């Protein structure tokens with residue numbers, strides 16, 4: 005598989021004071037997005053304009069009306085700590 009390393013972004017963060025369950029859903033949501041699109045999405049989630057969809061560990065997460073239909077999921081949250089990291 006030929007991969008252009010100049011077009012890939014990788015990140016590692018250790019000892020984060022946020023829930024791994026929330027971080028999983030944040031990473032899944034922004035995977036594959038362009039940087040500007042991901043930044044806009046995360047700032048909207050921080051401000052409460054758009055909920056972050058929860059695929060895994062969503063037990064107790066309420067249905068949100070401001071989740072885009074492209075996610076094909078109805079439950080979401082606003083994990084502020086996970087988004088900041």
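Numbering (the numbering used here), first residue to last: 5 to 89.
Where a beta carbon is used, it is the ideal one built from N, C-alpha and C, also for glycine.
Note that this is a predicted model, so its numbers are computed, not measured.
Residue 81: buried (16+ other C-beta within 10 angstroms of its C-beta) or exposed?
buried
Apart from the five residues just before and just after residue 84, which ones in its own chain have a Cβ nearer than 7 Å to its Cβ?
50
Residue 3 and residue 89 closer than 8 Å at C-beta
This structure cannot settle anything about residue 3, because the visible part of the chain is limited to 5 through 89.
DSSP three-state label for residue 25, please.
helix
Just to confirm my understanding: we take residue 79, look at its own chain, exclude 5 residues before and 5 after, and list those with CB closer than 6 Å. What are they?
58, 62, 65, 67
Beta-carbon separation of residue 71 and residue 86 under 8 Å?
no
Expressed to the nearest angstrom, what Euclidean distance is found between the alpha-carbon atoms of residue 10 and residue 16?
17 Å
Between residue 42 and residue 34, is the Cβ-Cβ spacing less than 8 Å?
yes
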